[in-house]
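Trainee: Attaching a single structure in structure tokens format; questions to follow.
Protein chains: 2
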Amino acid sequence: MGRWAPDARGRLEYAALELYTEAGFERTTVKEIAQRAGLTERTFFRHFADKREVLFPGNRQLQEVLEQAVTRSSAALTPAEAVTAALLELSGLMEDRRELARRRQTVIAAHPELQERELAKLASWSQTLTDALMRRGTAQPEARLAAEAGLAVFKTAFESWIATADPQHTLGQFVGDAFDDLGRLFARS
Amino acid sequence: MGRWAPDARGRLEYAALELYTEAGFERTTVKEIAQRAGLTERTFFRHFADKREVLFPGNRQLQEVLEQAVTRSSAALTPAEAVTAALLELSGLMEDRRELARRRQTVIAAHPELQERELAKLASWSQTLTDALMRRGTAQPEARLAAEAGLAVFKTAFESWIATADPQHTLGQFVGDAFDDLGRLFARS
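Keeping their order, the protein sequence lines are chains A and B.
Mapped onto our numbering, the consecutive letters of the first sequence carry residue numbers 28 to 216.
Mapped onto our numbering, the consecutive letters of the second sequence carry residue numbers 28 to 216.
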């Protein structure tokens, strides 16, 4: 579990993802998750509405991280730079969670309805970034484009981060490199 | 209806979108759609599985358009240029359908479950573009990034196209301009 703090919520998340990959998402019960974590079902339900929720923890907080990062970014930053800064900050919160992220992605990839929820989550991030950029003075189409392109970068970087065998290669590095790649790929000639 | 051909399928689609915006998506029945189009319910079900399907017509064909456009694009084109060419070709198929697209977007925006399906459709386009680029020799992360960024551009351009009051401003122009904007926004300094 690395440096990731094993509080009750974290233990439940870890136990759930172990069971989802071992026994399958459908066959795992909340009771089993609580048992594996050494906690009660009641504690489980204090942290998560259901076993699906474990796969999408804290989306509201993550949106707030993105929003605040854009809002407090220097006025000297371009919209693209503000989006980059926000997604690098988000990446920093995930660095210790690569193994969890891998397990999570395996479960999601096997279930179309979870994939749809994942896409909805990413769309909510894009909307958060767009709104924050507009409040900072960027016009709508440009804000939308910077946000959507940022998410395109983040998705690609996240996949590379999960797939790499190099434990030293951070998500932040993948995100930074993918932003560079985007600039290179779509450079106007 | 402009130059858009009013065949049975098209008439059903047009009637459905009129009714969805007039009476609401939930309250509209297949019977009413068929009546408005001057056709039978049986004809409706020959073209669409249900009233939801009317909002997502021909996704398989659209994926084929994207795939073939990338596949037959000149080897001299970069991945980004091949994606641009494919999305411009797709845009060409939609130019006559702006009013339909507007009505459709209004219905979708009001229903989270339709939004999720819309996101899944766009994700399938991204996957199609990624696969086609890889078959053309582009490495996975670069193919994925070019495809995801292309979709980011298309989404933004599509929204601008639906929102504009200028009937002469084509989707293709919005897409071309948004690709230029992307290059400008994320240019490496």
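Where is the CB? At the ideal position from N, CA and C, for every residue including glycine.
Predicted model, so just to flag it, every value in this text is computed and none were measured.
Counting along the chain, where does the alpha helix (DSSP H) carrying L104 of chain B start and finish?
Mentor: Reading the second sequence from its first residue, position 77 is the one you call residue 104 of chain B. Premise fails: L104 of chain B is in no alpha helix (DSSP H) and is neither H nor E.
Trainee: Comparing the C-beta of L172 of chain B with each C-beta of chain A, is any distance below 9 Å?
Mentor: As a position in the second sequence, residue 172 of chain B is number 145, starting the count at 1. Using a CB distance cut-off of 9 Å, L172 of chain B counts as an interface residue toward chain A.
Trainee: In whole angstroms, give me the CA-to-CA distance for R69 of chain A and F83 of chain A.
Mentor: Position 42 of the first sequence holds residue 69 of chain A. Position 56 of the first sequence holds residue 83 of chain A. Between R69 of chain A and F83 of chain A, the C-alpha separation is close to 19 Å.
Trainee: Note down, one range per segment and in chain order, each beta strand (DSSP E) of at least 3 residues found wholly within the stretch 181 to 211 of chain A.
Mentor: none
Trainee: Please classify E169 of chain B as buried or exposed, where buried requires at least 16 neighbouring CB atoms within 10 angstroms.
Mentor: Here the question's residue 169 of chain B lines up with position 142 in the second sequence. E169 of chain B comes out buried.
Trainee: Strictly below 7 Å CB to CB, what residues from chain B border T191 of chain A?
Mentor: Here residue 191 of chain A refers to the residue found at position 164 when the first sequence is read from its first residue. Under the 7 Å cutoff, chain B gives no residues; its nearest Cβ is about 10 Å from T191 of chain A.
Trainee: Please report how far the alpha carbon of A184 of chain B lies from the alpha carbon of F201 of chain B, in whole angstroms.
Mentor: Looking up residue 184 of chain B in the second sequence gives position 157. Looking up residue 201 of chain B in the second sequence gives position 174. In a straight line, the C-alpha of A184 of chain B is about 5 Å away from that of F201 of chain B.
Trainee: Can you check whether the C-beta of T98 of chain B is within less than 9 Å of a C-beta belonging to chain A?
Mentor: The residue you call residue 98 of chain B lines up with position 71 of the second sequence. For T98 of chain B, the answer is no, since every Cβ of chain A falls outside 9 Å of its Cβ.
Trainee: Can you tell me which of B:T67, B:A107, B:T197 puts its alpha carbon nearest to the alpha carbon of D208 of chain A?
Mentor: Start at 1 with the first residue of the first sequence, and residue 208 of chain A comes out as number 181. Closest option to D208 of chain A, Cα to Cα, is B:A107.
Trainee: Beta-carbon within less than 6 Å of A113 of chain A's beta-carbon, same chain only, minus the 5 sequence neighbours each way: which residues are those?
Mentor: For the purposes of this step, residue 113 of chain A is identified with residue 86 of the first sequence, where counting begins at 1. Cβ within range, chain order: L93, A96, V97.
Trainee: Of the choices B:D158, B:A192, B:V57, B:T197, whose alpha-carbon is the least far from that of F181 of chain B?
Mentor: Position 154 of the second sequence, counted from the first residue, corresponds to residue 181 of chain B. The option with the nearest alpha carbon to F181 of chain B is B:T197.
Trainee: Tell me the rounded alpha-carbon separation between H138 of chain A and R130 of chain A.
Mentor: Translated into positions along the first sequence, residue 138 of chain A becomes position 111. Translated into positions along the first sequence, residue 130 of chain A becomes position 103. Approximately 13 Å between the Cα atoms of the pair.
Trainee: When DSSP labels each residue in this structure, what does G37 of chain B get in the three-state scheme?
Mentor: On the second sequence, residue 37 of chain B is found 10 positions in, with the first residue counted as 1. In the structure shown, G37 of chain B sits in a helix (DSSP, three-state: H, G or I).
Trainee: Using a Cβ-Cβ cutoff of 8 Å, what residues of the stretch 100 to 128 of chain A are near chain B? List them in chain order.
Mentor: T105, P106, A107
Trainee: Comparing the C-beta of K58 of chain B with each C-beta of chain A, is any distance below 9 Å?
Mentor: Translated into the one-based positions of the second sequence, residue 58 of chain B becomes position 31. Not an interface residue.
Trainee: If you measure from the beta carbon of P194 of chain A to each beta carbon in chain B, is any gap under 9 Å?
Mentor: As a first step, residue 194 of chain A must be located in the first sequence, where it is residue number 167. With its beta carbon at least 9 Å from every one in chain B, P194 of chain A lies outside the interface.
Trainee: By the 7 Å beta-carbon criterion, what residues does the stretch 67 to 84 of chain A contribute toward chain B?
Mentor: Interface annotation for the stretch 67 to 84 of chain A against chain B: empty, criterion Cβ-Cβ distance under 7 Å.
Trainee: So, does the stretch 157 to 171 of chain A touch the stretch 147 to 165 of chain B, judging by three or more C-beta pairs under 8 Å?
Mentor: no
Trainee: Pop quiz: F71 of chain B and A61 of chain B are said to be a contact at Cβ under 8 Å. What is the actual Cβ separation, rounded to whole angstroms?
Mentor: Here residue 71 of chain B refers to the residue found at position 44 when the second sequence is read from its first residue. Here residue 61 of chain B refers to the residue found at position 34 when the second sequence is read from its first residue. So it is a contact: roughly 5 Å between Cβ atoms.
Trainee: Kindly indicate if chain A contains any beta-carbon less than 9 Å away from that of R211 of chain B.
Mentor: Against the second sequence, residue 211 of chain B aligns to sequence position 184. Interface criterion met: the Cβ of R211 of chain B is under 9 Å from a Cβ in chain A.
Trainee: For E49 of chain B, count neighbouring Cβ atoms within 10 angstroms of its own Cβ and tell me buried if that reaches 16, exposed if not.
Mentor: As a first step, residue 49 of chain B must be located in the second sequence, where it is residue number 22. Flag for E49 of chain B reads exposed.
Trainee: Put K78 of chain A into one of helix, strand or coil per three-state DSSP.
Mentor: Here residue 78 of chain A refers to the residue found at position 51 when the first sequence is read from its first residue. Coil.
Trainee: For R215 of chain B, go through chain A and note every residue whose CB falls closer than 8 Å to its CB, in chain order.
Mentor: As a position in the second sequence, residue 215 of chain B is number 188, starting the count at 1. Going along chain A in sequence order, the residues near R215 of chain B (Cβ under 8 Å) are D207, G210, R211, A214.
Trainee: If the cut is a Cβ gap below 8 Å, which residues of chain A does T217 of chain B touch?
Mentor: Residue 217 of chain B falls outside the range modelled here, since chain B spans only 28 to 216, and no answer is possible.
Trainee: What is the DSSP secondary structure of A112 of chain A, reduced to helix, strand or coil?
Mentor: For this step, residue 112 of chain A is matched to residue 85 along the first sequence. Reduced to three states, the DSSP call for A112 of chain A is helix.
Trainee: Where does E53 of chain B sit, in a helix, a strand or coil, going by DSSP?
Mentor: In the second sequence, residue 53 of chain B corresponds to position 26, counting from 1. Correct three-state label for E53 of chain B: coil.
Trainee: Ends of the alpha helix (DSSP H) at A159 of chain B?
Mentor: Within the second sequence, the letter at position 132 stands for residue 159 of chain B. Residues 139 to 162.
Trainee: Is DSSP giving F213 of chain B helix, strand or coil here?
Mentor: By one-based count along the second sequence, residue 213 of chain B stands at place 186. Correct three-state label for F213 of chain B: coil.
Trainee: Should G203 of chain B and V110 of chain B be called a contact, given that it needs their Cβ atoms to be closer than 9 Å?
Mentor: Here residue 203 of chain B refers to the residue found at position 176 of the second sequence. Here residue 110 of chain B refers to the residue found at position 83 of the second sequence. In this structure, V110 of chain B does not lie closer than 9 Å to G203 of chain B by Cβ.
Trainee: Select from the stretch 147 to 168 of chain B all residues with a C-beta closer than 9 Å to any C-beta belonging to chain A, and list them in chain order.
Mentor: A147, L149, A150, S153, Q167, P168
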